[in-house]
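In my numbering, the protein residues as written are 5 to 382.
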């Protein structure tokens with residue numbers, strides 16, 4: 005049976021179809037596992053790069069690092085760093101490279117094995133140089149590209165290729181349209197130049213005609229100015245007569261205004277007395293409010309003093325508790341180191357006894373062989 009017939013499902017038994025489906029499913033599972041492993045390796049590499057980038061900043065601020073790592077499973081790093089800092093002067097004096105120091109190698113190895121601790125120092129990423137930021141962005145981009153490429157199925161890849169081909173065809177069509185538009189714009193520019201030349205000739209003729217009309221309009225304008233001056237003189241005479249009439253009306257209106265003003269002043273006095281009464285009531289209410297607020301503030305101050313006293317007692321207790329906790333941790337660490345040393349000694353003694361017994365057995369066997377050999381020779 006050919007592969008084409010197998011893919012089309014012709015002349016295949018149900019068992020064969022089942023086997024093909026199982027094989028495809030197993031291949032897909034294996035591929036997912038492999039892709040997951042690759043992405044895991046990339047993620048671990050990015051984390052190792054991150055801890056490598058911020059490690060110099062951590063060594064520059066050992067006290068801050070010790071404060072952050074205290075009480076975590078990464079606390080042994082503090083001892084390694086302080087040990088290296090104590091030897092730093094000797095290393096610089098001897099002009100040895102830092103990587104030649106065994107302590108620095110131990111620090112790098114510890115931080116690389118425990119690369120997850122980079123999440124405890126997020127602020128250090130704000131002080132990276134441009135090159136370090138570009139390196140970190142490059143690895144993140146590599147991870148995203150790998151994720152996109154590895155998790156993409158063959159169907160999605162084919163669909164993307166078809167989409168790219170369609171975009172290519174569309175681009176070619178747009179290029180042809182651009183060429184046509186360029187030719188059209190060129191022809192329009194030539195036509196525009198011809199029209200501009202025609203317009204310049206017409207404009208010159210219009211300018212001569214406008215100059216002639218301007219002279220005629222100036223003559224008509226002067227005649228109109230003379231007529232308007234005569235009308236203005238007549239209107240001024242009428243305006244003077246009207247002004248005298250308005251002055252009489254103004255005098256009458258002024259008398260009425262004075263009477264209204266006196267009435268309004270009486271009303272204002274009454275309103276002012278009412279306002280003074282309301283102000284006195286408001287001042288009494290404000291005084292009562294200030295008295296109540298003063299009592300509440302005194303009560304609040306007393307509660308704050310009680311809180312400060314309780315907080316001071318708690319802080320004193322926490323100081324003693326931290327001292328006891330530190331002593332307890334030191335005792336536990338010393339006990340574990342002593343047990344590890346005793347265990348190592350027992351292992352060495354056992355290995356030596358085992359080796360001695362093996363040597364004794366071999367010696368007896370060789371001695372017995374030599375006796376048999378001597379007997380045969382005799």
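Note that the Cβ used here is the ideal one computed from N, Cα and C, for glycine as well.
Are the CB atoms of residue j and residue i within a distance shorter than 9 angstroms?
i, j, result
"residue 129", "residue 146", "no"
"residue 125", "residue 53", "no"
"residue 66", "residue 82", "yes"
"residue 50", "residue 143", "yes"
"residue 107", "residue 84", "yes"
For residue i, name the three-state secondary structure that DSSP assigns.
i, result
"residue 75", "coil"
"residue 66", "helix"
"residue 148", "helix"
"residue 125", "coil"
"residue 100", "coil"
"residue 132", "coil"
"residue 105", "coil"
"residue 118", "coil"
"residue 14", "With a pLDDT of 47 at residue 14, under the threshold of 50, the modelled position of this residue cannot be trusted; read the value that follows with caution. Residue 14: coil per DSSP, three-state reduction."
Going by C-alpha distance, which of the options is nearest residue i?
i, options, result
"residue 39", "152, 378, 348 and 301", "152"
"residue 150", "342, 42 and 236", "42"
"residue 48", "117, 291, 209 and 361", "117"
Using the rule of at least 16 other Cβ atoms within 10 Å of the residue's Cβ for burial, across every protein chain shown, is residue i buried or exposed?
i, result
"residue 323", "exposed"
"residue 55", "buried"
"residue 269", "exposed"
"residue 301", "exposed"
"residue 213", "exposed"
"residue 200", "exposed"
"residue 235", "exposed"
"residue 374", "exposed"
"residue 356", "exposed"
"residue 62", "buried"
"residue 363", "exposed"
"residue 69", "buried"
TODO: Mind the definition here: the region 116-124 touches the region 70-78 only if three or more C-beta pairs lie below 8 angstroms; say whether that holds.
DONE: yes
Open item on the list: Check whether the region 103-116 and the region 81-90 are in contact - that is, three or more C-beta pairs closer than 8 angstroms.
Closed with: yes
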